[in-house]
Amino acid sequence: GEDGPYESSSEYVRDLIRRDKERKDAQAFDRLKAELQMAFATPEGKYAPVTAADVIARNKARAAA
1318 GEDGPYESSS EYVRDLIRRD KERKDAQAFD RLKAELQMAF ATPEGKYAPV
1368 TAADVIARNK ARAAA
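To get my numbering, take the position in the sequence shown, counting from 1, and add 1317.
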């Protein structure tokens, strides 16, 4: 209102939600960037063929941990 940067409490809450989403998106991007940097730094001889099922199982195990 007159004393602050927000016109209403709902505007303030929407701003908090938007900032939280932006923070989470930035964290997810940073994690992806780190994974890609590690992948590109790995010598090609270290790569092993995997199936989609292998990747899904690995991700489920990581999520459970």
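Virtual Cβ for every residue (Gly too), placed ideally from N, Cα, C.
Anticipated Cβ contact below 8 Å, residue i with residue j, distance rounded
{"i": "D1332", "j": "Y1323", "result": "7 Å"}
Beta-carbon contacts of residue i that lie in its chain and below 6 Å, excluding the five residues immediately before and after
{"i": "R1348", "result": "none"}
{"i": "A1381", "result": "none"}
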